[in-house]
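Student:
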Amino acid sequence: MARIGIGVDIGRGSVKIIQLTSKKGQVELTGYAKIIISPDSMDDEGMVASEALMAEAIHQACLQARVRSKKVFSAVAGNAVVMKALNLPVMIGPQLGEVIRFETEKFLTFPITEAEYDWDILQQHDNGEMELMIVAAPKKIITSQLTCFQRAGLQTVAIDTQTFCNMRALAFDIDSESSNLGGIVILDVGVATTKMAIFYAGSIRETRIINIAGQLITRELAEQMQISLEKAEAIKCNLGDADYNFIESESDTESYKANQIIGGKLAELVVEIRRSLDYFKLQYPETPIHQFILTGGSSKLRNLASYLERELGIGVKLGNPLTGLQIASRQINRAVILGNPYQFSVAIGLALRGVEYS
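For my numbering, count along the sequence shown from 1 and bump the result up by 37.
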């Protein structure tokens, strides 16, 4: 019997759905959809502005994707979602729960009574210590998201984090041999934020959200060039080039001016990435960063991978979440899904979890 997994990625600007079907050891992409919504549909913290409008967008995406189940998996994101790696003495039972609650309170910016949190033991060492990863999010964000799915007629089986979804979707790019050579950075350049996760020895060690991404670049273009957001987005997509050749280009052209603005924001992004790498080196001085894996809808910016590789001095490649998946020829428009598969990375990671669950 075929197993079905449905992942729903709701965020700033769109609702994306992926349906995967597993049968006889093969996982096939059998449905997808992307519904454009207002960038103001969700705030920086990850809180939905209108549950009714979001529920309707989810419903329309389900119809478009022709989903075959009411059970879905979703993910939370936003600045209020926190992931923290800790080293603690090895302990079990109630004592561990009490210590984790105490440690979680230290880094939350809101009361722990208003938080949903969980943890996972990453590794136990011979020196009597263990490494853990704690994930926490405001209850109000979780509750609001659950309400959206309920109003759309769906049952939310589990809510994941976008970071873990990317890790799952890009598993073919994060093989154990490569991760043992050093840290691997998953850089998810999305609409509202860039999410950075450093993966080493089988686990995520550090995470960070950077508020520089596609939407900010579009707004900067619109403001400095005194044009509409729609035209700015079109210029970014059609003329944007992270490795633009300014020396051989005319300085009075639209392309030249646009890429000056884009380049300025990318330079700011690189500064923030370097800060995170420096912090990781302090925590893991003997673990070099081996590679960057680039994903997210805004990672399609022309030559972004080669630009980051040059600026950071570390190999960068585009991670393809479709690797290892079959594509159903009748249900799927291959040109659309293959044109920018990176934007579906989170939804694919969620659907893969759904396949495992079912």
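The beta-carbon is built from N, C-alpha and C at its ideal position, and this holds for glycine as well.
#1: Thinking C-alpha only, which one of Ser395, Leu218 and Phe283 is nearest Gln328?
#2: Pop quiz: Ala152 and Ala173 are said to be a contact at Cβ under 8 angstroms. What is the actual Cβ separation, rounded to whole angstroms?
#3: Starting from the Cα of Gln368, find the closest Cα among Ser51, Gly50, Ile43 and Gln56 and give me that residue.
#4: Pull up the DSSP beta-bridge partners for Pro131, would you.
#5: Assign Tyr394 to one of two classes, buried (16 or more other C-beta atoms within 10 Å of its C-beta) or exposed (fewer than that).
#6: The alpha helix (DSSP H) with His96 in it runs from where to where?
#7: Taking the alpha-carbon of Ala271 as reference, which of Val373, Asn282, Arg256 and Glu285 has the nearest alpha-carbon?
#8: Does Pro378 pass the burial test, meaning 16 or more other C-beta atoms within 10 Å, or should it be called exposed?
#9: Using DSSP bridges, identify the partner residues of Glu168.
#10: Should Glu323 be labelled buried (16 or more other beta-carbon atoms within 10 Å of its own) or exposed?
#11: Run the CB neighbour count on Glu287, radius 10 Å, all protein chains shown included, and call it buried at 16 or more, exposed below.
#12: Taking 8 angstroms as the limit between beta carbons, can you name the residues of its chain near Gly391, skipping five residues before and five after?
#13: Determine whether the beta carbon atoms of Gly83 and Val127 lie at a separation below 7 angstroms.
#14: Would you please state the rounded distance, in angstroms, between the beta carbons of Asp77 and Ala86? I believe it to be under 8 angstroms.
#15: Ends of the beta strand (DSSP E) at Thr231?
#16: Where do the ends of the beta strand (DSSP E) carrying Arg40 lie?
#17: At a cut of 8 angstroms, does the region 308-323 reach the region 277-285 through at least three beta carbon pairs?
#18: Count the other CB atoms within 10 Å of the CB of Thr231; is the residue buried (16 or more) or exposed (fewer)?
#19: Measuring alpha carbon to alpha carbon, tell me which residue in Ile137, Lys177 and Gly190 is nearest Met167.
#20: How big is the Cα-Cα spacing for Ile54 and Glu285?
#21: Could you check whether Gly352 and Thr332 sit closer than 7 angstroms to each other, using their CB atoms as the reference points?
#22: On the three-state DSSP scale, how would you describe Asp197?
#23: Mark Pro175 as exposed unless 16 or more other C-beta atoms lie within 10 angstroms of its C-beta, in which case mark it buried.
#24: Buried or exposed: which applies to Ile129, given that a residue is buried once 16 or more other Cβ atoms fall within 10 Å of its Cβ?
#25: Straight-line CA distance for Ile74 to Met91?
Tutor: Quick answer:
#1: Of the listed residues, the one whose Cα sits closest to Gln328 is Leu218.
#2: Correct: roughly 5 angstroms between the Cβ atoms.
#3: When each option's Cα is compared against that of Gln368, the closest is Gln56.
#4: Beta-bridge analysis with DSSP links Pro131 to no other residue.
#5: When all chains shown are included, Tyr394 counts as exposed.
#6: Its alpha helix (DSSP H) spans residues Glu88 to Ala102.
#7: Checked all of Val373, Asn282, Arg256 and Glu285; the closest Cα to Ala271 is Arg256.
#8: Result: buried.
#9: Paired residues: Asn124 and Gln160.
#10: By the neighbour-count criterion, in which 16 or more other beta carbons inside 10 Å mark a residue as buried, Glu323 falls on the exposed side.
#11: By the Cβ neighbour-count rule, Glu287 is exposed, with fewer than 16 other Cβ atoms within 10 Å of its own.
#12: Same-chain partners within the cutoff: Ile41, Gly42, Ile43, Gly44, Leu57, Lys108, Val109, Phe110 and Val194.
#13: In this structure, Gly83 lies away from Val127, with their beta-carbon atoms at least 7 angstroms apart.
#14: That belief holds up - the Cβ atoms of Asp77 and Ala86 are roughly 6 angstroms apart, short of 8 angstroms.
#15: Looking at the DSSP string, the run of the beta strand (DSSP E) that includes Thr231 is Thr231 to Tyr237.
#16: Bounds of the beta strand (DSSP E) holding Arg40 are Arg40 to Gly48.
#17: No, the region 308-323 does not touch the region 277-285.
#18: Burial call: buried.
#19: Of the candidates Ile137, Lys177 and Gly190, the one whose C-alpha sits nearest the C-alpha of Met167 is Ile137.
#20: Cα to Cα, Ile54 sits roughly 42 angstroms from Glu285.
#21: No.
#22: Looking at Asp197 - three-state DSSP - the assignment turns out to be strand.
#23: It counts as buried.
#24: Ile129 is classed as exposed because its beta carbon has fewer than 16 other beta carbons within 10 Å across all chains shown.
#25: Separation of Ile74 and Met91 (C-alpha to C-alpha, rounded to the nearest whole angstrom) is 8 angstroms.
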